[in-house]
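Student: One structure is given below, represented as structure tokens, and several questions about it will come after.
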Amino acid sequence: AQRVTQPEKLLSVFKGAPVELKCNYSYSGSPELFWYVQYSRQRLQLLLRHISRESIKGFTADLNKGETSFHLKKPFAQEEDSAMYYCALSHSGGYQKVTFGTGTKLQVIP
Amino acid sequence: GAGVSQSPSNKVTEKGKDVELRCDPISGHTALYWYRQSLGQGLEFLIYFQGNSAPDKSGLPSDRFSAERTGGSVSTLTIQRTQQEDSAVYLCASSSRARNEQFFGPGTRLTVL
Numbered sequence: 866a867q868r869v870t871q872p873e874k875l876l877s878v879f880k881g882a883p884v885e886l887k888c889n890y891s892y893s894g895s896p897e898l899f900w901y902v903q904y905s906r907q908r909l910q911l912l913l914r915h916i917s918r919e920s921i922k923g924f925t926a927d928l929n930k931g932e933t934s935f936h937l938k939k940p941f942a943q944e945e946d947s948a949m950y951y952c953a954l955s956h957s958g959g960y961q962k963v964t965f966g967t968g969t970k971l972q973v974i975p
Numbered sequence: 146g147a148g149v150s151q152s153p154s155n156k157v158t159e160k161g162k163d164v165e166l167r168c169d170p171i172s173g174h175t176a177l178y179w180y181r182q183s184l185g186q187g188l189e190f191l192i193y194f195q196g197n198s199a200p201d202k203s204g205l206p207s208d209r210f211s212a213e214r215t216g217g218s219v220s221t222l223t224i225q226r227t228q229q230e231d232s233a234v235y236l237c238a239s240s241s242r243a244r245n246e247q248f249f250g251p252g253t254r255l256t257v258l
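Chains as they are written, first to last, in the working numbering: chain G, 866 to 975; chain D, 146 to 258.
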């Protein structure tokens, strides 16, 4: 069974400090990993996906198959990054159910 | 084009009443998902549709919850004999065959008094 773990419910950092939101997964096949974000009073939306290998709003995430992790990182946090972040997993190359983690609330302190 | 829409946006009901929540996915999206987001909790998966069939209903909390999808488009989530613990935001999402990205609706906030 596929499982996504986000160990931190809340992460508070000061503006300008580095951010790392942790995500670990378990899946027997070849997964596709995502980060979704929900800003206050907005819809949940895709932030980035590992196959794109892109940086969105300064955030990056690297898939580490050895450690089964997909941590989200940003070198310098900004106040507008404050939001709820969800890590998600799906079977790659297919068309399968996506499993979400329980989410981490990022609070950037001015 | 329009995104995923949900109705009603807010629903207040009395304990024991039935409620019906509606989701209109993006046109052409064959996969549809229902989630529940409770205060202070994360995203709880309820059910997943592929076309009109539901390969995975494992997240439905009890037999008071049911969902259907007709014409490969609109879906309704029905909660019978609502309880106070059903109070939450119910989110719907859809995705296409080409990409696994889920597009979310604005949610329906359900309050059971």
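Using N, Cα and C, we set each Cβ at its ideal position, and we do this for glycine too.
Computed from a predicted structure; not experimentally measured.
With 7 Å as the threshold, decide whether the Cβ of G/T933 is near any Cβ in chain D.
Tutor: For this step, residue 933 of chain G is matched to residue 68 along the first sequence. Answer no: the Cβ-Cβ gap between G/T933 and chain D never drops below 7 Å.
Student: CA-CA distance, G/A948 and D/D169?
Tutor: The count along the first sequence starts at 1 and reaches residue 948 of chain G at position 83. The count along the second sequence starts at 1 and reaches residue 169 of chain D at position 24. So the alpha carbons of these two residues sit roughly 26 Å apart.
Student: Just to confirm, is the Cβ distance from G/T933 to G/Y901 under 7 Å?
Tutor: For the purposes of this step, residue 933 of chain G is identified with residue 68 of the first sequence, where counting begins at 1. For the purposes of this step, residue 901 of chain G is identified with residue 36 of the first sequence, where counting begins at 1. Not closer than 7 Å, so no.
Student: According to a CB-to-CB cut-off of less than 7 Å, which residues of the region 192-216 of chain D neighbour chain G?
Tutor: Y193 and D201
Student: Where do the ends of the beta strand (DSSP E) carrying D/E189 lie?
Tutor: The residue you call residue 189 of chain D lines up with position 44 of the second sequence. Per DSSP, D/E189 belongs to the beta strand (DSSP E) from L188 to Q195.
Student: Compare the C-beta of G/R908 against all C-beta atoms of chain D and say whether one is closer than 7 Å.
Tutor: Position 43 of the first sequence holds residue 908 of chain G. Yes - at least one Cβ of chain D is within 7 Å of the one on G/R908.
Student: Between G/G931 and the ligand MN, is there a pair consisting of the residue's CB and a ligand heavy atom that are separated by less than 6 Å?
Tutor: This structure does not include the ligand MN; it has no bound ligands of any sort.
Student: Return the residue from the list G/R914, G/L886 and G/K939 that minimises the CA-CA distance to G/K922.
Tutor: To locate residue 922 of chain G, count along the first sequence from 1; it is residue 57. Out of G/R914, G/L886 and G/K939, G/K939 has the C-alpha closest to the C-alpha of G/K922.
Student: Which residue marks the beginning of the beta strand (DSSP E) containing D/L200, and which one marks its end?
Tutor: Counted from its first residue, the second sequence places residue 200 of chain D at position 55. The question names Leu, but residue 200 of chain D in the sequence shown is Pro. Per DSSP, D/P200 belongs to the beta strand (DSSP E) from S198 to D201.
Student: For D/P260, which residues in chain G fall below 8 Å Cβ to Cβ?
Tutor: A query on residue 260 of chain D cannot be resolved here, the shown segment of chain D reaching from 146 to 258 and no further.
Student: Once you ignore the five residues that flank D/Q225 on each side, which residues in its own chain have a CB closer than 7 Å to its CB?
Tutor: Taking the second sequence and counting its residues from 1, the one referred to as residue 225 of chain D is at position 80. Closer than 7 Å at Cβ, skipping near neighbours: D163 and R209.
Student: Within the continuous beta strand (DSSP E) that includes G/K938, where are the two ends?
Tutor: Along the first sequence, read from residue 1 onward, the residue named residue 938 of chain G stands at position 73. G/K938 -> beta strand (DSSP E) spans L937 to K939.
Student: Would you be able to state if there are at least three C-beta pairs under 8 Å between the region 210-219 of chain D and the region 170-184 of chain D?
Tutor: yes
Student: I want to see whether chain G comes within less than 7 Å of D/N155, judged by CB atoms only; does it?
Tutor: Taking the second sequence and counting its residues from 1, the one referred to as residue 155 of chain D is at position 10. Taking CB atoms only, D/N155 has no neighbour in chain G less than 7 Å away.
Student: What is the DSSP secondary structure of D/I224, reduced to helix, strand or coil?
Tutor: Within the second sequence, residue 224 of chain D is the residue found at index 79, counting from 1. Note: D/I224 maps to strand in three-state DSSP.
Student: Can you tell me the Cα-Cα spacing of G/G881 and D/P206, whole angstroms?
Tutor: By one-based count along the first sequence, residue 881 of chain G stands at place 16. By one-based count along the second sequence, residue 206 of chain D stands at place 61. Straight-line Cα distance between these residues: approximately 42 Å.
Student: I'd like to confirm the pairing. Which residues does DSSP put opposite D/A238 in its beta bridges?
Tutor: Along the second sequence, read from residue 1 onward, the residue named residue 238 of chain D stands at position 93. Answer is D/Y178 and D/F249, bridged to D/A238.
Student: Residues in the same chain with beta-carbon distance under 6 Å from G/L909, minus the five sequence neighbours each way, listed in chain order, please.
Tutor: Here residue 909 of chain G is taken as the residue at index 44 of the first sequence, counted from 1. Excluding sequence neighbours, G/L909 sits near Y901 and Q903.
Student: Which residues in the same chain have their Cβ closer than 8 Å to the Cβ of D/L258, if we skip the five residues on either side of it in sequence?
Tutor: For the purposes of this step, residue 258 of chain D is taken as residue 113 along the second sequence, with counting starting at 1. Contacts found: V157, T158, E159, K160 and Q229.
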